[in-house]
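Report on the structure given below.
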Amino acid sequence: MSELTVASRYAKSLIDLAAEQGVVEVAKADMDFFLKTLKQNPQLTAVLGNPIISQSKKVAILKDVFADKVNQLTIGFFTLLITKGRGEIILGTANEYISQYNIKHNVVNATVVSATVLSEANKQKLIADVQAATGSQVILT
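With the sequence shown counted from 1, adding 1042 to any position gets you the numbering used here.
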């Protein structure tokens, strides 16, 4: 089974559990924070995916970095991934959670390439036009 398939299944389980507990939005914010942190600290990503580093050490690192910053469900989920030997898919699972969240909430990401910097008014007009065309909430990247 591919890593993307496994990550997608774990993400679906998390989104379902978050829905049961009424913390879907909180978990989404946690995943955004987690991804931002990993992007700013690529060595953390390397540690989590490194098979030489023990699971207990990875869990301790995750708890040190995230325990007081994310919901208990989220830190428990990260711990589960590590203890199941799935540390290498943590990043993919967080990305998949956001993708599934966006699908369920009718959110689309739009990337704009422009020769000049867009003014705030141009950005808002572009967002409005894309929303009108797609019927979806738009996030410019």
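The beta-carbon is built from N, C-alpha and C at its ideal position, and this holds for glycine as well.
Quantities reported herein were computed from a predicted structural model and do not represent experimental measurements.
Local Cβ density within 10 Å of Ile1057, reported as buried at 16 or more and exposed below that: Its Cβ being crowded by 16 or more others within 10 Å, Ile1057 is buried.
Assign Val1154 to buried or exposed, taking buried as 16 or more other Cβ atoms, counted over all protein chains shown, within 10 Å of its Cβ. exposed
Inset, instruction - Could you spell out where the alpha helix (DSSP H) holding Asn1144 opens and where it closes? - result: Ile1132 to Lys1146
Would DSSP call Leu1056 helix, strand or coil? Residue state, collapsed to three classes: helix.
Task: Contact belief for Leu1123 with Ile1117 at Cβ below 8 Å, rounded distance in angstroms - done: Rounded, the Cβ-Cβ distance is 11 Å, inconsistent with contact.
Exercise for review: Kindly identify the DSSP beta-bridge partner or partners of Leu1182.
Suggested key: According to DSSP, which records beta bridges pairwise, Leu1182 is partnered with Ala1152.
> Could you check where the alpha helix (DSSP H) with Ser1098 kicks off and where it finishes?
Replying inline: Gln1097 to Phe1108
Q: Quick one: grab the DSSP three-state call for Lys1126.
A: coil
Please state the DSSP three-state secondary structure of Thr1158.
coil
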